[in-house]
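Below: the structure, in structure tokens.
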Amino acid sequence: MRDITLGQYINGDSPIHRLDPRVRLILTLVYIIILFSFKSILQMILALVFILIAYAIVKIPLKMLLKSLKPIIPIVLFTSILNMFFISGDVVFSFWKISVTKQGLYYAALMSLRVICLLAGSSLLTYTSTPIELTGALESLFKPLTKLGFPVNDLAMMMTIALRFIPTLLEETDKIMAAQKSRGANLDTGKLFERIKALTPILIPLFVSAFRRADELALAMECRCYNGGEGRTRLNELRLKRSDLKATLVFCLFCVLLVLAGKI
67 MRDITLGQYI NGDSPIHRLD PRVRLILTLV YIIILFSFKS ILQMILALVF ILIAYAIVKI
127 PLKMLLKSLK PIIPIVLFTS ILNMFFISGD VVFSFWKISV TKQGLYYAAL MSLRVICLLA
187 GSSLLTYTST PIELTGALES LFKPLTKLGF PVNDLAMMMT IALRFIPTLL EETDKIMAAQ
247 KSRGANLDTG KLFERIKALT PILIPLFVSA FRRADELALA MECRCYNGGE GRTRLNELRL
307 KRSDLKATLV FCLFCVLLVL AGKI
């Protein structure tokens with residue numbers, strides 16, 4: 067559980083940290099979209115190189131990125147196996163009734179790179195954005211929907227709180243699991259249904275703790291007279307700068323490079 071770093075913020079003063087949070091959010095969404103639109107391994111490799119360069123600019127240690135990728139290894143392996151064994155094409159080798167095809171290996175590598183780039187890009191957004199910045203970015207981007215009566219402020223705050231509660235809940239889960247193991251609970255061995263049943267002493271305290279934290283947070287927000295609706299002001303207003311336009315231009319050039327790579 068402690069290997070999951072999604073939702074954590076890393077303080078810094080890199081060029082990416084100084085970008086407008088709206089720009090960071092939009093570029094991340096576009097990056098995720100292009101990951102699912104391209105079907106070339108060369109494009110995926112370039113996308114991975116691009117995000118690694120971004121991590122180097124932010125000065126986030128590579129071991130932290132690898133740590134965040136550790137929990138998704140089973141997902142990557144599962145999708146790779148499905149693609150290798152269940153996609154027809156030119157057979158590379160076979161055993162018993164199972165055949166591994168050239169196309170299967172290709173799509174297995176493609177899907178693995180896509181999942182890795184997806185998590186790395188999403189993590190970079192949370193590493194470089196505070197909850198206040200994300201809330202402000204979402205409110206600003208969804209502001210036109212307020213004319214339709216859509217509760218943009220409340221939705222933005224809920225999404226940000228949910229994202230930032232991920233590390234807190236994971237830490238709480240680790241504590242509960244350690245407490246249950248110290249009382250003799252067997253969580254790591256046994257058959258599948260026995261292990262699922264053993265999760266009950268973990269899930270119930272976790273839900274109780276989550277509701278308690280939510281109640282304490284709501285009380286704290288009320289004590290501070292929080293009002294996310296009309297008339298709410300900000301200490302720092304969001305304004306686009308020249309660096310935001312430069313970053314957008316660099317990203318557009320990267321997208322053009324990806325399109326050209328797909329034609330090779």
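In my numbering, the protein residues as written are 67 to 330.
A virtual CB, placed ideally from N, CA and C, is assigned to each residue, including glycine.
Everything numeric in this text was worked out from a predicted model, so none of it was measured.
Asked, Found
"Reference I117; option with closest CA among S146, V316, V325, E199", "V316"
"Distance CB(L101)-CB(A313) smaller than 8 Å", "no"
"Backbone CA spacing between L342 and G215 [nearest angstrom]", "There is no way to answer for residue 342, as the model of the chain reaches only from 67 to 330."
"N-terminal and C-terminal residue of the alpha helix (DSSP H) that T192 is part of", "168-193"
"For S160: DSSP bridge partner residues", "S165"
"8 Å contact criterion, which V124 and T194 should meet: CB distance rounded", "6 Å"
"Per-residue DSSP class, three states only, for N219", "helix"
"Beta-carbon spacing of F104, G328 below 8 Å", "yes"
"C-alpha distance - L148 paired with A174, whole-angstrom precision", "8 Å"
"Distance, F277 Cα to M67 Cα", "Summary for M67: the model assigns pLDDT 48, below 50, so the residue's position carries little reliability; its value from the coordinates is reported in the next sentence. Cα-Cα distance, rounded: 20 Å."
"P140 classed as buried or exposed, judged by whether at least 16 other C-beta atoms fall within 10 angstroms", "exposed"
"Distance, L283 Cα to L319 Cα", "43 Å"
"Distance between M177 and I99 (C-alpha atoms, nearest Å)", "14 Å"
"CB of L304 within 8 Å of CB of R88, strictly", "yes"
"F152, enclosing alpha helix (DSSP H) - first and last residue", "139-152"
"Nonlocal neighbours in the same chain, by C-beta distance under 7 Å from C321, ignoring five residues either side", "I100"
"Whole-angstrom distance between L184 and S160, CA atom to CA atom", "32 Å"
"Reduced DSSP category for D240 - H, G, I as helix; E, B as strand; rest coil", "helix"
"For D310, three-class secondary structure by DSSP", "helix"
"Reference I146, options R180, I119, V115, L114, closest by Cα", "A quick correction: the sequence has Ser, not Ile, at residue 146. Minimum Cα distance to S146 is reached at R180."
"Supposed contact pair I227 and M243 - C-beta distance, whole angstroms, cut 8 Å", "About 24 Å; that fails the 8 Å criterion."
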